[in-house]
Amino acid sequence: MISKKIVGITGGIGCGKTTVTDLFAKLGPNIVDADLVAREVVTLNSAGLNAIHDQYGAEILLQSGELDRAKLREIIFNDTSQKQWLETLLHPLIRTRIINSLHDPESQNDCNYNILSSPLLLETDQQQMCDVIIVIDLDKETQIKRAMVRDKNSREQIEKIIDKQLSSKQRNEKADITINNDGTLAQLNQQVNNIHQQLCARFSI
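When we follow this note's numbering, the leftmost residue of the sequence shown carries the number 30, and every step to the right adds one.
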């Protein structure tokens, strides 16, 4: 079996990463969502969750025994050392599962590339898995407003999150392809279709 090319999709909060990924999914490539993988590695009785429990105690768990994600987010948002500890634990687990999913023969199809959709593609070594990197970009004000509506957070909360992420300029410097998401859904869909055709031609054998 010929190994497929890997296309990474990323962008900041509120950029439309999920929408773009869903549009690509309709065109054929297998999709691996790093957000979903990150949840899978801390499910009940997993090695990831057990290590987090050992680090923070029973108060980090819900009554069901599952991870209290809100409490964990609060801890790492306010303590850089704890954020580093968590990343050291989870990133290798996430990476291994992503690689296995991208190359799982049971999930392959006729499309000549697969997609890794990840908010931390450029902040981690996940970018090294990719042959092409697509960055979704939009103006900051639109980004803030969309994120506020989607996440039901205040402007101040969204701005704090944006400040902790890579800047638009930093992302675009690492992009092979940039998708502009300032327009309508129809315009976004047209961009995705055009890029899909370009990728199919580029990766054709």
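Beta carbons are placed, not taken as given, at the ideal position from N, Cα and C, and that holds for glycine.
Between the C-alpha atoms of residue i and residue j, what's the straight-line distance to the nearest angstrom?
{"i": "residue 225", "j": "residue 219", "result": "10 Å"}
{"i": "residue 217", "j": "residue 168", "result": "15 Å"}
{"i": "residue 73", "j": "residue 180", "result": "25 Å"}
{"i": "residue 32", "j": "residue 67", "result": "24 Å"}
{"i": "residue 177", "j": "residue 211", "result": "16 Å"}
{"i": "residue 116", "j": "residue 188", "result": "22 Å"}
{"i": "residue 150", "j": "residue 88", "result": "31 Å"}
{"i": "residue 86", "j": "residue 152", "result": "29 Å"}
{"i": "residue 101", "j": "residue 69", "result": "16 Å"}
{"i": "residue 30", "j": "residue 204", "result": "The pLDDT assigned to residue 30 is 46, lower than 50, so where the model puts this residue is not dependable, and the model offers no usable value."}
Less than 6 Å between C-beta atoms, sequence neighbours within five positions excluded: which residues of the same chain meet that for residue i?
{"i": "residue 71", "result": "77, 78, 96"}
{"i": "residue 104", "result": "111"}
With burial defined as no fewer than 16 other Cβ atoms inside 10 Å of the residue's Cβ, what is the status of residue i: buried or exposed?
{"i": "residue 50", "result": "buried"}
{"i": "residue 110", "result": "exposed"}
{"i": "residue 106", "result": "exposed"}
{"i": "residue 65", "result": "exposed"}
{"i": "residue 197", "result": "buried"}
{"i": "residue 228", "result": "buried"}
Excluding five sequence neighbours on each side, which residues of the same chain lie with their C-beta closer than 7 Å to the C-beta of residue i?
{"i": "residue 207", "result": "164, 166, 201"}
{"i": "residue 121", "result": "none"}
{"i": "residue 94", "result": "73"}
{"i": "residue 171", "result": "211"}
Less than 8 Å separating the beta-carbons of residue i and residue j?
{"i": "residue 63", "j": "residue 145", "result": "yes"}
{"i": "residue 157", "j": "residue 147", "result": "no"}
{"i": "residue 114", "j": "residue 84", "result": "yes"}
{"i": "residue 232", "j": "residue 143", "result": "no"}
{"i": "residue 173", "j": "residue 184", "result": "yes"}
{"i": "residue 118", "j": "residue 80", "result": "yes"}
{"i": "residue 194", "j": "residue 41", "result": "yes"}
Among residues of its own chain, excluding the 5 on either side of residue i, which ones have a beta-carbon nearer than 8 Å to its beta-carbon?
{"i": "residue 82", "result": "89, 90"}
{"i": "residue 221", "result": "49, 52, 53, 56, 208"}
Taking 8 Å as the threshold, find out whether the segment 31-48 comes into contact with the segment 159-168 through three or more Cβ pairs. The segment 31-48 is in contact with the segment 159-168.
With a cut-off of 8 Å, do at least 3 Cβ pairs link the segment 122-137 to the segment 49-65? Flag = yes, the segment 122-137 and the segment 49-65 touch.
Would you call the segment 120-129 in contact with the segment 38-51, where contact means no fewer than 3 C-beta pairs closer than 8 Å? The segment 120-129 is not in contact with the segment 38-51.
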